[in-house]
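Q: Supplied in C-alpha cells, the structure appears directly below.
2 protein chains.
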Amino acid sequence: MSRTEIATLGEFGLIDRLTGNIEPVRETTVKGIGDDAAILDYSGRRTLVTTDLLLEGIHFDLVYVPLKHLGYKAAVVNFSDIFAMNGQPQQITVSLGISKRFSVEDLENFYSGLRLACEVYNVDIVGGDTSTSLTGFTISITCIGIADEERVVCRNGAKETDLIFVSGDLGASYMGLQLLEREKAVWNGSGDFAPDFAGKEYLLERQLKPEARKDIIQALADYDILPTAMIDLSDGLSSDLLHICKQSHAGCQIFEERLPIDYQTAMMAETFHMNVTTVALNGGEDYELLFTVPLHLHDRMKEIEGVHLIGHITKEEQGCYLVMRDGQEMQLRAQGWNPIAED
Amino acid sequence: MSRTEIATLGEFGLIDRLTGNIEPVRETTVKGIGDDAAILDYSGRRTLVTTDLLLEGIHFDLVYVPLKHLGYKAAVVNFSDIFAMNGQPQQITVSLGISKRFSVEDLENFYSGLRLACEVYNVDIVGGDTSTSLTGFTISITCIGIADEERVVCRNGAKETDLIFVSGDLGASYMGLQLLEREKAVWNGSGDFAPDFAGKEYLLERQLKPEARKDIIQALADYDILPTAMIDLSDGLSSDLLHICKQSHAGCQIFEERLPIDYQTAMMAETFHMNVTTVALNGGEDYELLFTVPLHLHDRMKEIEGVHLIGHITKEEQGCYLVMRDGQEMQLRAQGWNPIAED
C-alpha cells in the first residue's frame, strides 16, 4: 500500500482528504463539517450528548487493533451511550491527535471504520479537530443524540421489585483482549501480527468490533416497554449495576446461574485459569444494555429476544449482592479504572 | 500545598471530587453529569456543537502555563467558536487524559479555571470522561450552543463590497508565546519558573488567559447588525480570512495600515526582530472575531466600539491580497498547522 506523509498535505489538506466527501444524511443536520461549529436542529425533542477519549496504550494497542476496527469501535461506543438513554444517535464530532508515524493511508483506514459505523447506525460526522501529537494516537469523539422527552431513560429510576435484564452475553470482550495480549507476548515483534485465532472469532469480534444494541432499543419500543433505569456495560456488569443502584438509591440481587455467558468465553476462561463469573462481572467493554423494568411487565419482556433476566432491585439498605450457585451471597464491588492498577 | 495521589481516589472518586458540586444553571440543561449522556433541551432553536483537542507539548507547555489558566483557556476557545456562529455557548463536556505525575490538586486547579470560565460565560459543565494517559496531559472539550435560526452566521456568506471587520487587536497572543518560550530557554530548569514580565502583562494575558468576544456579539445584536460571514481568529488573520473567502467564493483586499496592533505587540516584535505585520497576519490564537457586513451598514458599524474596518470583499477572481503601506500588494497565504513545521 502506498504511503503518503501527512506533512505533504498540511492540516487543511488532510482534513479535506479525510472529510471532503462526507455529506450529511440526517434531517437534524443543518450544516456539517467546515465552519466553527456544526449546526443541528432538534426542535421539540431532548438533545443528548456524550463523549469519549481514547488514548493509545491505555484504551487500545495498535499492535493488534487494526485502525479500521478502531475507528468502528470508537464510534460505536459513543452510540452505545446514547442508546443507553433510550435515545437515537444523530451526529458525531471526531478529534484526533496524530503522530508522524501515521501515514495518510493509516488515517484513511481509521476513518473508513468510523464511516462504516456511521453508515450502519445512520449517524452524521459533523466536525472535529485534527492536531499533531508528540506521542500516541489520541481519539476524542462526541456524539449528539435525540430522544422523546417522555422516553429518556436515566440511571436513577430503578424501584424495588423491578426486574434486572441484560442483553447479549458477558465477558467475551475481556477474554478477547486477554487472548490478544497473550498472542502479543508470544509474538516476537518481527513480521506481521497474524496468529491463528480459529474457533475464537467471537471473542475477537466482541473486543475488536463491538456493536451497540440499537436492536434492543427498537424491540423495547415495539413492545411499548419503557425501562425504569438503563446503562450500557462499559466498565463491567458489577460497576455498571452499582451505578444504577447508587443513583436509584436501591439495592439489588442478581444470580450467578442467570449470568449469560457464551461457550467460547467459558472455554477461554478455563484455559486462562480464570473464574468465568469474575470475568462476566468485571470484564468490561461488553457494550450490552443493562436495564430495569417494572415487575408487571415480566410477561411482555419474554417476547423480546436476546435479553436475560438476571435478578431484581431491592431496598437500598439490603445492599448489592450476587447470589452464587451454592446459595452464598457475595457483595458486588466497583472495579472502575485506577491509575495504579493500570501499571 | 498538599498532594493527593490520584490512585487514592480511583476513577469514580476522582470524578466525584472534580465534578461533585457542579450544578447546572442553564434552562436548557435538563440533566448534567452522572449518566451515559447529558440531557439538553433546545426546542425551537438551532443547536451548535464544536470541539477542541489540546495536547501537551503541542498546544501548551506546562512549564509556563499554570493549570488554572489552561482550564480557563481550554473552555474559552470553545466558547469563541460558538460566538463565531453568532450563537451563545450553553454547555461543555470535558474529557481528560491524565498521567500519574498529576496530583488531585493539579486537576482541581485545572477545573477551577474551567469552572471560572463557565461562570464568567454562564455555561454548564454537563459531562465528560477521565482516563489515565501514559504520556502527556490531554484535554478534549466539546461545547454545545444555541442560536436563532435566522441569525446563525456561517463562513460562506460574504459578498462583494462587504466590509471586513476585526475586533480587538492582532498578534499579541503570539508575541506572548514567543516571550514565554524565550524565558523558558533562558530558565535553567531549577526552581520555580518566575521571570520578570513587567510591562509585558498584556501579551501574557492574551496568550495565557484569552477571552471570547461575547461583548461584540452582544453589540452586533444591540445595533441589529447581522454579519454576512464570521469566524474566530485561531489560526491567524491570514488563514482565517482565507477560510471566509474560500467558502464564500470571494476575494478580499485588506490594508496593512488598518491592522489593529497593540503597542506592546509592536515593541516586542521589534525586540525579536520580527515583522509586526507578519505577526498580525499569522500569529494565531487571538480569539478575536473576523466578520463581514454589507456596505450599507458602514455608518451603523461606527457605533460599535472595539472593532476595526480592515478592508473589503472582492470578486473571487481578484484573489486575496494585503495592500502594503507602500501600495504594493501581497497575496495572503494560509499557514495552518503542519506536522513538519512543528518539529
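Residue numbers (our numbering), protein chains in the order written: chain G, 1 to 343; chain Z, 1001 to 1343.
From the three backbone atoms N, C-alpha and C, an ideal C-beta is built for every residue, glycine too.
1) Look at the Cβ atom of methionine 230 (chain G), then the Cβ atom of cysteine 118 (chain G), and state whether they are nearer than 9 Å.
2) Helix, strand or coil: how does DSSP classify methionine 1301 (chain Z) here?
3) Would you say tyrosine 1042 (chain Z) faces chain G, with C-beta separation under 9 Å as the test?
4) If we cut at 9 Å on Cβ distances, does glycine 1128 (chain Z) have a partner in chain G?
5) Should the segment 222 to 236 of chain G be regarded as contacting the segment 193 to 211 of chain G, the criterion being three or more beta carbon pairs within less than 8 Å?
6) Identify whether valine 94 (chain G) lies in helix, strand or coil by the three-state DSSP scheme.
7) Using the Cβ count rule (16 or more neighbours within 10 Å means buried), how would you classify histidine 1296 (chain Z)?
8) Using a 10 Å radius around the Cβ and a threshold of 16 neighbouring Cβ atoms, would you call histidine 59 (chain G) buried or exposed?
9) So if I threshold CB-CB distances at 8 Å, which residues from the segment 1171 to 1185 of chain Z count as touching chain G?
10) Does any residue of chain Z have a CB that is nearer than 9 Å to the CB of histidine 249 (chain G)?
11) Would you mind sorting arginine 1325 (chain Z) into buried or exposed? The rule is 16 or more other CB atoms within 10 Å of its CB.
12) Quick check on the DSSP output: the beta strand (DSSP E) that includes threonine 1166 (chain Z) runs from which residue to which?
13) Counting C-beta neighbours from all protein chains within 10 Å, is the total for threonine 1008 (chain Z) 16 or more, i.e. buried, or is it exposed?
14) With DSSP as the reference, label glycine 327 (chain G) as helix, strand or coil.
15) Return yes when the Cβ of valine 1166 (chain Z) is within less than 9 Å of the Cβ of glutamate 1288 (chain Z), no when it is not.
16) So, is alanine 341 (chain G) buried or exposed, given that buried needs 16 or more other C-beta atoms within 10 angstroms?
17) Where DSSP assigns a beta bridge to cysteine 320 (chain G), which residues make up the other side?
18) Below 8 Å, can you find three or more Cβ-Cβ pairs linking the segment 266 to 281 of chain G to the segment 122 to 135 of chain G?
19) For glycine 199 (chain G), does the three-state DSSP call read helix, strand or coil?
20) List the residues of chain Z that threonine 93 (chain G) touches, going by C-beta distances under 7 Å, in chain order.
21) Report the neighbours of leucine 55 (chain G) on chain Z: residues whose CB is nearer than 9 Å to its CB, in chain order.
22) In whole angstroms, what separates the C-alpha of aspartate 52 (chain G) from that of leucine 281 (chain G)?
23) So, at 7 Å on beta carbons, what are the nonlocal neighbours of alanine 1221 (chain Z) in its own chain, with the 5 sequence-adjacent residues on each side left out?
24) With 16 other CB atoms within 10 Å as the buried threshold, where does valine 1123 (chain Z) fall?
25) Mind checking which residues open and close the alpha helix (DSSP H) that includes glycine 171 (chain G)?
26) Sort G:Asp148, G:Leu290, G:Gly327 by Cα distance to serine 234 (chain G) and report the nearest one.
27) Do you know offhand how far leucine 1067 (chain Z)'s Cα is from glycine 1097 (chain Z)'s?
28) Helix, strand or coil: how does DSSP classify histidine 1308 (chain Z) here?
29) When the Cα atoms are used, what is the spatial distance from asparagine 338 (chain G) to asparagine 1086 (chain Z)?
30) Quick one: give me the first and last residue of the alpha helix (DSSP H) that arginine 1213 (chain Z) is part of.
31) If you drop the 5 nearest sequence neighbours on each side, which residues of the same chain put their C-beta closer than 7 Å to that of serine 1002 (chain Z)?
32) If you measure from the beta carbon of arginine 1206 (chain Z) to each beta carbon in chain G, is any gap under 9 Å?
33) Using DSSP bridges, identify the partner residues of glutamine 1088 (chain Z).
34) Report the option in G:Phe272, G:Gln335, G:Ile310, G:Leu177 whose CA atom is closest to the CA atom of glutamine 253 (chain G).
35) Using DSSP's beta-bridge definition, name the partner residues of glutamate 1056 (chain Z).
36) Have a look at glutamine 1331 (chain Z) and valine 1323 (chain Z) and give me their C-alpha separation to the nearest angstrom.
A: For this structure:
1) Against a cut-off of 9 Å, the Cβ pair of cysteine 118 (chain G) and methionine 230 (chain G) comes out as no contact.
2) Per DSSP, reduced to three states, the secondary structure at methionine 1301 (chain Z) is helical.
3) Taking CB atoms only, tyrosine 1042 (chain Z) has a neighbour in chain G less than 9 Å away.
4) By this cut-off, glycine 1128 (chain Z) is an interface position.
5) The segment 222 to 236 of chain G makes no contact with the segment 193 to 211 of chain G, as fewer than three CB pairs between them are under 8 Å.
6) Note: valine 94 (chain G) maps to strand in three-state DSSP.
7) With fewer than 16 Cβ atoms within 10 Å of its Cβ, histidine 1296 (chain Z) is classed as exposed.
8) With 16 or more other CB atoms across the displayed protein chains lying within 10 angstroms of its CB, histidine 59 (chain G) is buried.
9) Correct list: empty, as no residue qualifies.
10) No Cβ of chain Z is located within less than 9 Å of the beta carbon of histidine 249 (chain G).
11) By the 16-neighbour rule on beta-carbons within 10 angstroms, arginine 1325 (chain Z) is exposed.
12) The identity of residue 1166 (chain Z) in the sequence shown is valine, whereas the question assumes threonine. Run containing valine 1166 (chain Z): 1163 to 1167, per the beta strand (DSSP E) assignment.
13) So threonine 1008 (chain Z) ends up on the exposed side.
14) If DSSP states are grouped into helix, strand and coil, glycine 327 (chain G) belongs with coil.
15) Yes, they are a contact pair.
16) Here the model assigns alanine 341 (chain G) a pLDDT of 37, short of 50, so the residue's position is not dependable, and the following value carries that caveat. So alanine 341 (chain G) ends up on the exposed side.
17) Its beta-bridge partners are G:Cys252.
18) The segment 266 to 281 of chain G vs the segment 122 to 135 of chain G: no contact.
19) Collapsing the DSSP output to three states places glycine 199 (chain G) in coil.
20) Simply Val1049, Thr1051, Thr1142.
21) By Cβ distance, chain Z contributes Gly1097, Ser1131, Thr1132, Ser1133, Leu1134, Thr1135, Thr1138.
22) So the alpha carbons of these two residues sit roughly 22 Å apart.
23) The answer is none, since no qualifying residue turns up.
24) Result: buried.
25) From DSSP, glycine 171 (chain G) is part of no alpha helix (DSSP H); its letter is neither H nor E.
26) Among G:Asp148, G:Leu290, G:Gly327, the Cα nearest to that of serine 234 (chain G) is on G:Leu290.
27) CA-CA distance, leucine 1067 (chain Z) to glycine 1097 (chain Z), rounds to 14 Å.
28) Three-state result, histidine 1308 (chain Z): strand.
29) Caution is warranted here: a pLDDT of 43 is assigned to asparagine 338 (chain G), below 50, making its placement in the model unreliable, and the coordinate value is therefore given only provisionally. Distance between the alpha carbons of asparagine 338 (chain G) and asparagine 1086 (chain Z): 42 Å.
30) Run containing arginine 1213 (chain Z): none; DSSP gives neither H nor E here.
31) Closer than 7 Å at Cβ, skipping near neighbours: Glu1105.
32) Taking Cβ atoms only, chain G never reaches closer than 9 Å to arginine 1206 (chain Z), which makes this a no.
33) Partner(s): Z:Ile1146.
34) With distances taken between Cα atoms, glutamine 253 (chain G) lies closest to G:Ile310.
35) Answer by DSSP bridge pairing, in chain order: Z:Phe1060.
36) Near 9 Å, if we compare the C-alpha coordinates of valine 1323 (chain Z) and glutamine 1331 (chain Z).
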